[in-house]
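This report refers to the structure that appears directly beneath it.
Residue numbers (the working numbering): 205 to 328.
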């Protein structure tokens with residue numbers, strides 16, 4: 205058997221900000237898609253009449269769903285900020301390592317500030 209070098213495994217791989225942000229972008233996109241089903245449930249309850257809407261309102265205004273909304277807001281603002289970051293890259297701006305590391309941290313900070321601010325004003 206030939207002894208060939210193994211490719212790095214996740215146990216020894218040190219995550220970089222670019223890889224973490226890429227995985228987060230995909231994860232937030234999936235979360236936003238799943239959250240659209242909650243919005244669909246709310247819209248269907250409106251069409252279902254007063255009793256259906258009251259039931260949906262009771263469920264969707266619970267504390268557990270408020271936590272979900274806060275997380276969903278973070279996903280929305282992160283995905284929005286990272287999407288703008290990618291659009292700037294498409295123009296050819298900020299493609300060197302110093303700029304894409306800085307812009308990555310700016311997106312994370314923007315997402316945290318925007319989601320906390322929105323949550324304090326609208327959700328809580």
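Every residue, glycine too, gets a C-beta built ideally from N, C-alpha and C.
Item                                                                                                                   : Value
Endpoints, the alpha helix (DSSP H) within which residue 213 is located                                                : Taken as a continuous stretch (DSSP letters only), residue 213 belongs to no alpha helix (DSSP H), as it is neither H nor E.
CB contact flag (residue 277, residue 245, <7 Å)                                                                       : no
Terminal residues of the alpha helix (DSSP H) in which residue 254 lies                                                : 254-264
Three-state class that DSSP yields for residue 331 in the structure shown                                              : Only positions 205 to 328 of the chain appear in the structure, and residue 331 is not among them; the question remains open.
Same chain, Cβ closer than 7 Å to residue 232, five either side skipped, listed in chain order                         : 279, 282 and 283
Helix, strand or coil at residue 289 [DSSP, three-state]                                                               : helix
Through-space distance from residue 325 to residue 308, alpha-carbon basis                                             : 26 Å
Alpha helix (DSSP H) segment containing residue 217, residue limits                                                    : From DSSP, residue 217 is part of no alpha helix (DSSP H); its letter is neither H nor E.
Start-to-end residues for the alpha helix (DSSP H) that takes in residue 316                                           : 301-322
Spatial neighbours of residue 304 in its chain, beta-carbon cut-off 7 Å, leaving aside the 5 residues before and after : 222 and 298
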